[in-house]
Structure formats: C-alpha cells, structure tokens
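Okay, structure first, notes after.
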Amino acid sequence: MHENRRAFQFGRQRIYNQFLGMASRLTNPGQGSVSGPDRDRLSLVIENFGDPVIVADHTARVTLLDSVSKRLFGSDKAGGEDGIAANRTKLDRYLTAFTFSVLECQDKTISFYDPNLQSEVEYAAHSIKIYDSRGQCAHTVTVLRDCSNSNKVERLQLERRMEMEKFAATGKLAGTIAHEINNPMEAIKNAVYLLRDRVDPASRPIYDALKSETERVTRIVRQMLGLYRNAGTFGSFDLNGVIEDTLTLFSRPLEKARVVVDKRFGQLPAIKGSADQFRQLLSNLVVNAADSMPKGGKLTIRTRYTQSASTGYGQCSLTVADTGTGIPPAIRPAIFDPFVSTKGEKGTGLGLWIVKGIVEGHSGRILVRSTVGRGTIIKIIFPVSPD
377 MHENRRAFQF GRQRIYNQFL GMASRLTNPG QGSVSGPDRD RLSLVIENFG
427 DPVIVADHTA RVTLLDSVSK RLFGSDKAGG EDGIAANRTK LDRYLTAFTF
477 SVLECQDKTI SFYDPNLQSE VEYAAHSIKI YDSRGQCAHT VTVLRDCSNS
527 NKVERLQLER RMEMEKFAAT GKLAGTIAHE INNPMEAIKN AVYLLRDRVD
577 PASRPIYDAL KSETERVTRI VRQMLGLYRN AGTFGSFDLN GVIEDTLTLF
627 SRPLEKARVV VDKRFGQLPA IKGSADQFRQ LLSNLVVNAA DSMPKGGKLT
677 IRTRYTQSAS TGYGQCSLTV ADTGTGIPPA IRPAIFDPFV STKGEKGTGL
727 GLWIVKGIVE GHSGRILVRS TVGRGTIIKI IFPVSPD
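Counted from 1, the sequence shown has number 757 at position 381 by our numbering; the numbering is strictly sequential.
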C-alpha cells in the first residue's frame, strides 16, 4: 500500500511539474514563446483544472489566477469583502514565505474562507518554483486541493472503530453477565421441568407463569451470549450470500408460518465488516417480521448499491419489509431500546437493540416506517469505501 501511495505521489508530482512548467511559459514569455493554439489549450487546461491554481512572479506578486482561485481570492479589481480580503492576506503571506525560502517545492496545509460555503475550508497547498536560464526563481505555481472530504472520511473511519470497540465491550460485558446467569437458570429450568407432574390444578396458573418467565429469561441469556460471540471478526463478505444463508436457515419456519419471501438483490461490492454480525442482524429482522404476520404474509428483502462518481465512495442499503401488524405509534420512539418489545411476554426486547448496535458498529443508520395493520419497512444504509 505504501509503495502504491509513493508511486501515485511520484506520478502526481511529474504531472504537476509538466503542468507548472507550461504555466510558467504562459506567464513568462522570456522563457520561450508559446504558440497561439498552445496558449489557448494551456489556458483551457488551467481554467478546467478543477483545483485552484495560483501563479506568482519572483517578487511573490500574483500574475495568474484561474476561475476557481478568483472565487477564493477575487480579481485585482475585487472589493474588500472581509473573507476574500483575509484570504488574500493569507495567500500573500504564504507566497512571500515560499518565494524567498530555499525550498524548491513545498506541501503545506492552509485554511481559506469559502464564500459559497460561508465557512473555512482546509486545503493542501502544493507549490513549486520555476527557474530561469540563470538559475534564479522566475515564478512559483501553487495548486490547492480541498482536503475536507478526505478528513471527513478519516473521521468516519475513526468513529467506526470507536463504535466497534464500544460494541465489542458491550458484547463482552453482556457475555460475562450471561455466563453468570446461565448456570443457575439451567438449574431452575430443570427444577421447573421436574415439577410439571406434581402441580395440582389450583397451582397450575402459577406453574405456567413460572415456566413462561423462565423460558423468557433463557432466551434473553442466549441472545446476550450471541451478542458476545459475534462482537468481533471483521473482514470482507458477500452480503447477498449472507442473506441467502440466513433465509435458507429459516426456510422451514417461514414456510410453516405461510410467509412468502420476495428477494430483490442488487449487484453489490464486497462488504467490509462482520459477516457473523450481519447474520445475527438478519436473523433478528426475519424473526421479527415473521412474528408480526401470525396469519402469514409477504416478506420482501432488497439490497442496493450506489456510488458517487466524484469521490468513488458508495453506500449499500438493505431493506426488510413485511405485511404484518405494524408497530404501535406509542412505542415507536423506543423500539431500539433494550427490553422494549411488541410481542408481549413472547419477546425479549433485545432483537432491535442488537440490530442497532451492529448497524452503528458499521457506521450505518436505520430508517423505520410502519403502519398499524399494514406492515413495517426497515431500511439499513451503511457506507462502502473504495478499494
């Protein structure tokens, strides 16, 4: 990776040097004439370079600004808008320091006010000196590259690592608690089982309640243990394949519940994350959807990938929709809180809480739309970085 990065930087430097050399000829006729067509082509290149380009002479006086630079620094006839004036002062200070330094080239980070965004934007300034036949500095050429997007990506990656560490710590804590609870719960379950034939009719309701609550605690413990086991193990995986595996696992229960599955898979890149966590996420969503359709219904699962042409970054979406009973409005704000369930005593209230933790661990977000009596749509969106 480091070798590729050095090769890229070397290639970029060579392109810059060629470009800067042409720019110096355009602004310094003494170095050699530039024909009319070449001058027009070079002017067109500068105007469409995309990044701000500034050419200055040996006294650090600006002699050429492209259209993008004029937006930041104004023209020679520009008024005294505070942000533009401050930018010109910063630029003059930067060019003076570089022009009269012993450096042949320089890379430095500098912030300028963007009048369109009305905020400060951080730029990576790449500057190089052009020398005349006597070996004296004739011109400097500076190209500014907006590095706010790359900084944003770095922040997102850091937030993702922090979320994963938090989720892993939560899973470890849950696993520790579950292990401590599991053994005595097994003993209680066995005792309840042995009592089943010794309960008189009058005490049967109490026994049934004890058995039901014991089973509920057991399910909670199992989910907590699952959260612990699936808290790590990151890599690359095929999301569509994970969905297929999960649906295969639930094919018999779904068929028995008269739930028809409609799969609509898009073409996806390899996903960076935990396949185990996504299996658990899908299992929870499929179970919730099936439980919301006691008389049968339709379960639709869709995947989609979109990519930004400018940045190369994209996002995947996973949509799980059912035609079930829907989520009551009163509990919708709390559906991702632990121990909140729409299933009454049958539910643990941990399913969607775990789903939320997994999604946040992958820097994603969840959108929920539900109508009582018509069903629920859960859409999960998470970023995908270019290779």
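Ideal Cβ placement from N, Cα and C applies to all residues, glycine included.
Residue(s) in a DSSP beta bridge with residue 489: Taking the first residue of the sequence shown as 1, we reach residue 489 at position 113. Bridge partners of residue 489: 496.
Proximal residues to residue 657 (C-beta, below 6 Å), its chain only, five neighbours per side dropped: Counting from one through the sequence shown, the residue named residue 657 turns up at place 281. Closer than 6 Å at Cβ, skipping near neighbours: 731 and 734.
Whole-angstrom distance between residue 523 and residue 372, CA atom to CA atom: Residue 372 lies beyond the stretch modelled for the chain, which goes from 377 to 763, so this question has no answer here.
The stretch 640-656 touching the stretch 674-685, judged by at least three CB pairs closer than 8 Å: yes
Three-state secondary structure assigned by DSSP to residue 699: Locating residue 699 in the sequence shown gives position 323, counting from the first residue. Residue state, collapsed to three classes: coil.
Assigned secondary structure, residue 383 (DSSP; H/G/I helix, E/B strand, else coil): Here residue 383 is taken as the residue at index 7 of the sequence shown, counted from 1. Low confidence applies to residue 383: its pLDDT is 43, below 50, so where it sits in the model is not reliable enough to give any reading.
Of the residues 516, 662, 645 and 582, the one placed nearest residue 621, counting alpha carbons only: Taking the sequence shown and counting its residues from 1, one reaches residue 621 at position 245. Checked all of 516, 662, 645 and 582; the closest Cα to residue 621 is 662.
contact_flag[the stretch 690-706, the stretch 753-763] where n(CB pairs < 8 Å) is 3 or more: yes
3-residue-minimum beta strand (DSSP E) runs that sit fully inside the stretch 625-704, ordered along the chain: Within the stretch 625-704, the complete beta strand (DSSP E) runs of at least 3 residues are 635-640, 647-649, 673-683 and 690-698.
Buried versus exposed, by CB contacts within 10 Å (16 or more), residue 651: On the sequence shown, residue 651 is found 275 positions in, with the first residue counted as 1. Residue 651 comes out buried.
For residue 730, the first and last residue of its enclosing alpha helix (DSSP H): Against the sequence shown, residue 730 aligns to sequence position 354. Its alpha helix (DSSP H) spans residues 727-737.
Pairwise C-alpha distance: residue 487 and residue 458: Stepping through the sequence shown from its first residue, residue 458 is reached at position 82. Stepping through the sequence shown from its first residue, residue 487 is reached at position 111. Those two C-alpha atoms are separated by around 15 Å.
Beta-carbon proximity list for residue 482, same chain, < 7 Å, skipping 5 on both sides: The count along the sequence shown starts at 1 and reaches residue 482 at position 106. So the list reads 474 and 503, once near-sequence residues are dropped.
Expected contact under 8 Å - CB spacing of residue 635 and residue 701 to nearest Å: What you label residue 635 is simply residue 259 of the sequence shown in a count that begins at 1. What you label residue 701 is simply residue 325 of the sequence shown in a count that begins at 1. Contact doesn't hold; Cβ gap of about 13 Å is too wide.
Beta bridge counterpart(s) of residue 751 as assigned by DSSP: Numbered from its first residue, the sequence shown carries residue 751 at position 375. For residue 751, which the question treats as bridged, DSSP gives the partners 747.
Collapsed DSSP secondary structure at residue 442 in the structure displayed: Residue numbering aside, residue 442 sits at position 66 when the sequence shown is read from its first letter. Per DSSP, reduced to three states, the secondary structure at residue 442 is coil, with no helix or strand assignment.
Length of the line joining the Cα atoms of residue 382 and residue 479: Position 6 of the sequence shown, counted from the first residue, corresponds to residue 382. Position 103 of the sequence shown, counted from the first residue, corresponds to residue 479. Reliability of the predicted coordinates at residue 382 is poor, the pLDDT of 45 falling under 50, and the value obtained from them is presented with this limitation in mind. Roughly 21 Å separates the two Cα atoms.
Residue 484 versus 751, 584, 630 and 498, residue with shortest Cα-Cα distance: One-based indexing of the sequence shown puts residue 484 at position 108. Residue 484 has its Cα closest to that of 498, out of 751, 584, 630 and 498.
Per-residue burial, residue 668 [other beta carbons within 10 Å of its own, 16 or more giving buried]: Locating residue 668 in the sequence shown gives position 292, counting from the first residue. Flag for residue 668 reads buried.
Where the beta strand (DSSP E) through residue 611 begins and ends: Residue 611 sits at position 235 when you count from the first residue of the sequence shown. According to the DSSP assignment, residue 611 belongs to the beta strand (DSSP E) that extends over 611-613.
Pair within 9 Å by beta-carbon distance, residue 585 and residue 614: Working through the sequence shown from its first residue, we reach residue 585 at position 209. Working through the sequence shown from its first residue, we reach residue 614 at position 238. In terms of Cβ geometry, residue 585 and residue 614 do not form a close pair [threshold 9 Å].
Coarse secondary structure for residue 436, derived from DSSP in three states: The count along the sequence shown starts at 1 and reaches residue 436 at position 60. Here residue 436 sits in coil by DSSP.
Closest by C-alpha distance to residue 761, when choosing among 744, 696, 753 and 740: Here residue 761 corresponds to residue number 385 of the sequence shown, with the count starting at 1. Nearest of 744, 696, 753 and 740 to residue 761, Cα basis: 740.
9 Å Cβ cutoff met for residue 448 and residue 518: To locate residue 448, count along the sequence shown from 1; it is residue 72. To locate residue 518, count along the sequence shown from 1; it is residue 142. It is not a contact, given that the beta carbons lie outside the stated cut-off.
Residue 626 versus 644, 648 and 659, residue with shortest Cα-Cα distance: Stepping through the sequence shown from its first residue, residue 626 is reached at position 250. Answer by Cα proximity: 659.
Residue 750 classed as buried or exposed, judged by whether at least 16 other C-beta atoms fall within 10 angstroms: Taking the sequence shown and counting its residues from 1, the one referred to as residue 750 is at position 374. The residue is exposed, with fewer than 16 neighbouring Cβ atoms inside 10 Å.
Simplified DSSP assignment, three categories, for residue 759: Indexing the sequence shown from 1 puts residue 759 at position 383. Note: residue 759 maps to strand in three-state DSSP.
Residue 521 - DSSP class collapsed to helix/strand/coil: Locating residue 521 in the sequence shown gives position 145, where the first residue counts as 1. Of the three classes helix, strand and coil, the one that applies to residue 521 here is strand, per DSSP.
Between the CA atoms of residue 684 and residue 438 - distance to the nearest angstrom: Indexing the sequence shown from 1 puts residue 438 at position 62. Indexing the sequence shown from 1 puts residue 684 at position 308. About 35 Å.
Supposed contact pair residue 695 and residue 753 - C-beta distance, whole angstroms, cut 8 Å: If you number the sequence shown from 1, residue 753 lands on position 377. If you number the sequence shown from 1, residue 695 lands on position 319. Their Cβ separation, rounded to whole angstroms, is 7 Å, which keeps residue 753 and residue 695 in contact under 8 Å.
Separation of residue 464 from residue 493, as counted between CA atoms: Translated into positions along the sequence shown, residue 493 becomes position 117. Translated into positions along the sequence shown, residue 464 becomes position 88. The alpha-carbon atoms of residue 493 and residue 464 are separated by roughly 18 Å.
Whether residue 427 touches residue 520 by CB criterion (9 Å): Against the sequence shown, residue 427 aligns to sequence position 51. Against the sequence shown, residue 520 aligns to sequence position 144. Yes, these two residues count as a Cβ contact at 9 Å.
Cβ separation of residue 629 and residue 666, assumed to be a contact under 8 Å, to the nearest whole Å: If you number the sequence shown from 1, residue 629 lands on position 253. If you number the sequence shown from 1, residue 666 lands on position 290. Correct: roughly 7 Å between the Cβ atoms.
Cβ-based neighbour list, residue 460, same chain, cut-off 8 Å, excluding 5 preceding and 5 following: Within the sequence shown, residue 460 is the residue found at index 84, counting from 1. Shown here for residue 460: same chain residues with a beta carbon closer than 8 Å to its own, the five before and five after excluded, namely 448, 449, 450, 454, 489 and 491 in chain order.
Rounded straight-line distance, which links the Cα of residue 513 to that of residue 466: Counting from 1 along the sequence shown, the entry for residue 466 is found at position 90. Counting from 1 along the sequence shown, the entry for residue 513 is found at position 137. Using only the alpha carbons, I get a separation of about 21 Å.
Residue span of the alpha helix (DSSP H) that contains residue 467, given as start and end: Indexing the sequence shown from 1 puts residue 467 at position 91. First-last of the alpha helix (DSSP H) with residue 467: 458-475.
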